[in-house]
Amino acid sequence: RSFSRPRTKFSHKGTYGHALLMGGSHGKIGAVALSARAALLTGAGLVTACVPKCGYIPLQSQLPEVMVWTTPEEETHIEFPTETEGLTPGVGMGLGTSRPTGDALLAWLKGQQHPLLLDADALNILSQRPEGLKYLPPDSILTPHPGELRRLVGDWKDDFDKLEKASEFSKAHDCILLIKGAHTLVFHQGLGYVNSSGNPGMATAGSGDVLSGMITALLAQGYPPVHAALLGVYLHGRAADLKAAELGYESLTATGITGGIAGAFT
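In our numbering, the protein residues as written are 59 to 324.
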């Protein structure tokens with residue numbers, strides 16, 4: 059919590075960055091919607107969702123504060139924007155792993171210079187095509203759940219082996235590796251951090267999409283990447299703790315977690 063930066067009086071929406079949430083495919087537009095909502099509630103001054111054409115109406119209807127970028131030529135898969143200067147990308151939520159999507163992701167990564175966040179299917183594509191890892195900008199944040207981590211670093215014998223492999227992966231690829239789960243772990247430059255917030259109710263669809271939106275929003279606001287990861291994980295768990303106290307573990311949803319973000323900052 060000590061990393062949190064209070065807003066200044068003489069500021070405007072441009073002061074707090076522009077988050078670009080990129081993902082979605084037919085039947086999985088909700089993943090990007092959850093991330094975009096979370097980014098707004100975590101303080102990003104501007105949020106754009108880059109989605110396939112099938113996501114245009116759902117996002118414009120659900121989130122009037124979010125700008126939507128899409129291409130009329132492609133119905134079910136996104137086209138990656140060539141110009142992202144001034145934007146902070148969070149990529150992968152509901153993206154899909156088709157060959158054209160993988161080709162487009164790797165080509166897009168080659169042109170990126172600043173830290174970004176990769177989640178879900180963006181990680182699955184990199185596990186299938188590890189040559190793409192060399193294109194990661196330094197201090198990018200990767201947010202795998204245990205299955206995605208196994209595909210990235212290989213299987214492990216026990217938890218000690220898992221932690222060693224995760225730490226080595228983070229150092230080898232100059233990235234921040236965040237392992238989602240009970241007491242989420244963050245690895246950076248040979249150090250590991252254990253999160254103290256969160257509860258079993260977070261084992262629900264879309265919880266990770268919310269986290270990705272929150273961390274991307276903090277990156278967009280200028281937080282150093284490791285601070286964005288650590289603060290985002292803490293706030294995510296804290297928001298879930300507040301809503302679980304109200305709803306119970308079984309009834310906690312990803313949308314419910316977004317409803318606790320405001321209280322997590324207080």
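Don't be surprised by glycine CBs; every beta carbon is placed ideally from N, CA and C.
- In the three-state DSSP reduction, residue 250 falls in the strand class (E or B).
- Excluding the 5 residues flanking it on each side, residue 262 has same chain C-beta neighbours closer than 7 Å at 310, 311, 312, in chain order.
- Counting only residues of its own chain and dropping the five nearest sequence neighbours on each side, residue 98 has a CB closer than 6 Å to the CB of 105, 123.
- Residue 153 and residue 238 have their C-alpha atoms spaced approximately 19 Å apart.
- Between the region 219-230 and the region 248-257, the count of Cβ pairs shorter than 8 Å is three or higher; the stretches touch.
- In the assembly as shown, residue 147 is a buried residue. Its beta-carbon has 16 or more other beta-carbons within 10 Å.
- Only residues of its own chain outside the window of five on either side were considered, and among them 281, 285, 288, 289 have a CB closer than 8 Å to the CB of residue 61, listed in chain order.
- DSSP, reduced to helix, strand and coil, places residue 203 outside both helices and strands of the structure shown, so it counts as coil.
- In this structure, residue 116 and residue 91 form a Cβ contact; the two beta carbons are roughly 7 Å apart against a cut-off of 8 Å.
- Non-local beta-carbon contacts of residue 158 in its own chain, meaning distances under 8 Å to residues more than five positions away in sequence, involve 135 in chain order.
- Assignment of alpha helix (DSSP H) within the region 154-201, counting only whole runs of 4 or more residues, yields 157-168, 178-186 in chain order.
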